[in-house]
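Accompanying notes for the structure given below.
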Amino acid sequence: MTEPNIFTQYLKKRNTLVKNKKILQSSYTPENLPHRDDKINEIVEIIAPSLSKDKPSNILIIGKTGTGKTAVMNYIGKELKKADPEEENCTFIYINCEIVDTPYGILYNIANQIISDPSRRIPFTGWSLDKILSELTNYIDEKNKIFIIVLDEIDRSFQKNGDDIFYYLTSINQELQNSRVSIIGITNNTKFTDLLSTRIKSRLGEEKIIFPPYSVEQLQDILYERAKDAFDDGILEEAVIPYCAALTAQEGGDARRALDLLRMSADIAERNGDSNITEAHVKSAKNKVELDAMGEIVKTLTLHSKIVLLSIIKNTEEGQSTMITGDVYSRYKYFCEAIGTPPITQRRVGDLITELDMLGIVHARVKSFGRAGRTKEIELSTPVQIVELLKSDEMFKDIEKYKPPKQTTLM
DNA sequence: TGTCCACTGGAAGGGAGGGCTT
DNA sequence: AAGCCCTCCCTTCCAGTGGACA
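Just so we're aligned, residue 21 is where the first sequence starts under my numbering, counting upward by one.
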């Protein structure tokens, strides 16, 4: 028995509708992946030879977010480990290139998942790429087995670094005497292969596997499968899962979002102290999910990106529903002056706008206005609440009051 | 048909900040 | 301490461009 403290009442009072929260996380790998048996078999067939120390082909897996690519690979990784518990014949390594997206970071991560000897660990910065690569190659070769390296969100790293890193990794086999390395790339960019240079394309895409988006029915099955273990009978109203599935199917069949939605609905119901989960909970969850995701992104923006975003917001508030780069930049310079920070160049601001577009916070498309030039047409695509979040930023609190100093006419 | 605007986006490079090696 | 390396954020320079207008 623990001493009562300030949290005690919450521990007691909170009614839990969810038996096991972990099951509803999208990172959870379930025992059963509905509607992906065929894909699993396809991949297993390709990589099974690794268990007898034969090198499997490299694979490229293509499919939109939330189509089960990562879950399938994690599942296969687990099963592979079961088939070879001592990792005598093969080792399975998973790297998410969205989190580690530099060549150094990727090699560092691979190395430290493989290298067990602490004296040979690679420092997280300081070495040249050549040095890590040769150390890694040596270590891999000593082990005399197959290494399966999964690179998730492979396009992320590619966007920043080109394909040199993939070239290294796919050509590592030429240096090896005893071991072999297979690469499994996962991407949600269907045009990814077009971006690769020919030398990589043939190597990386020895086998290609496409993951189609889930249909409404399939999403429902997935949700039912998870709900079965996560909730007791009668907690979920009948319409909840079909509704979640329908909402997410509209947006491209992303199972991750469907799960987020269900989890958030349960959260909201719990917090309200309700005894079951209804369609209304799903509705408010939908708003919250979107807002949370956007809020996280906005919070992590760099100072200049925030100022650029604020400039776009301010212009929008003053009735300019669309604007061009020049409009944003002049407002941006004004704000920089207001908070006393030196502005960056328009060239760079152009890039920041493109980044904001990729994050889905603004819409920016290049458009020609004839004689009036060719530039980006920019439009805010963010809910109002985010705007509030940004404005509450300490840095910007006095910005409304700021008046620029009188222009002195100096040439 | 050619002009011309307001940028776009590629390329190269700098420098600060992280850290290793000798 | 000096000499490296890698990454991030930024600048400078500049050729290229879609399409309204003369």
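Cβ coordinates follow ideal geometry from the N, Cα and C atoms, glycine included.
{"query": "Residues near T87 in its chain [Cβ-Cβ closer than 6 Å; skip 5 each side]", "result": "F231, P233"}
{"query": "As assigned by DSSP and simplified to three states, the class of G205", "result": "strand"}
{"query": "Cβ-Cβ separation, L37 to I327 (assumed contact under 8 Å), whole Å", "result": "Contact flag wrong, Cβ pair sits at about 43 Å."}
{"query": "Close-in-space but distant-in-sequence residues of the same chain around H516 (CB under 6 Å, 5 per side omitted)", "result": "Absent from the structure is residue 516, since the part of the chain shown begins at 21 and ends at 431."}
{"query": "Simplified DSSP assignment, three categories, for I166", "result": "strand"}
{"query": "Meets three-Cβ-pair contact criterion under 8 Å: the stretch 382-393 and the stretch 290-309", "result": "no"}
{"query": "Identity of the residue in T395, L379, S304, A358 nearest T342 by Cα", "result": "T395"}
{"query": "Rounded C-alpha distance that separates N109 from P69", "result": "10 Å"}
{"query": "9 Å Cβ cutoff met for Y188 and L153", "result": "yes"}
{"query": "C-beta atoms of A358 and D418 nearer than 9 Å", "result": "yes"}
{"query": "Residues that E257 bridges to, as DSSP identifies them", "result": "Beta-bridge pairing links E257 to no other residue."}
{"query": "Residues near S325 in its chain [Cβ-Cβ closer than 6 Å; skip 5 each side]", "result": "L372"}
{"query": "Outcome for E106 when other beta-carbon atoms lying within 10 angstroms are tallied against a minimum of 16", "result": "exposed"}
{"query": "Assigned secondary structure, F416 (DSSP; H/G/I helix, E/B strand, else coil)", "result": "helix"}
{"query": "Span of the beta strand (DSSP E) around L80", "result": "79-83"}
{"query": "Option nearest E290 by Cα separation, candidates L311, I255, R277", "result": "I255"}
{"query": "Inter-residue spacing [alpha-carbon to alpha-carbon] between G346 and A266", "result": "41 Å"}
{"query": "Distance, L311 Cα to F416 Cα", "result": "21 Å"}
{"query": "Contacts around Q197, its chain only, beta-carbon distance under 7 Å, and the 5 residues preceding and following it disregarded", "result": "D161"}
{"query": "At least three beta-carbon pairs within less than 8 Å, the stretch 84-102 to the stretch 140-159", "result": "no"}
{"query": "I82 and I185 closer than 9 Å at C-beta", "result": "no"}
{"query": "K240 classed as buried or exposed, judged by whether at least 16 other C-beta atoms fall within 10 angstroms", "result": "This sequence places Gln at residue 240; Lys is not what is there. Label assigned to Q240: buried."}
{"query": "Backbone CA spacing between Q427 and G393 [nearest angstrom]", "result": "With a pLDDT of 48 at Q427, under the threshold of 50, the predicted position of this residue should be treated as unreliable, and no value is reported."}
{"query": "Which of helix, strand or coil DSSP assigns to L100", "result": "helix"}
{"query": "Nonlocal neighbours in the same chain, by C-beta distance under 8 Å from K101, ignoring five residues either side", "result": "E107, F112"}
{"query": "Distance CB(K319)-CB(L379) smaller than 9 Å", "result": "no"}
{"query": "Segments of 4+ residues assigned as alpha helix (DSSP H) that fall wholly inside the stretch 36-93", "result": "57-67"}
{"query": "Three-state secondary structure assigned by DSSP to Y114", "result": "strand"}
{"query": "Beta bridge counterpart(s) of T395 as assigned by DSSP", "result": "K387"}
{"query": "Beta-bridge partners of R291, as assigned by DSSP", "result": "In the DSSP output, where bridge partners are listed per residue, R291 has none listed."}
{"query": "Selection from T322, N335, V170 that minimises the alpha carbon distance to L80", "result": "V170"}
{"query": "K228 - partner residues in DSSP beta bridges", "result": "L80"}
{"query": "Of the listed residues K221, L127, L330, nearest to T402 (C-alpha basis)", "result": "L330"}
{"query": "Of the residues L127, K421, G205, G146, the one placed nearest V92, counting alpha carbons only", "result": "G205"}
{"query": "Spatial distance of Y422 from E316 (CA atoms)", "result": "28 Å"}
{"query": "Coarse secondary structure for F212, derived from DSSP in three states", "result": "helix"}
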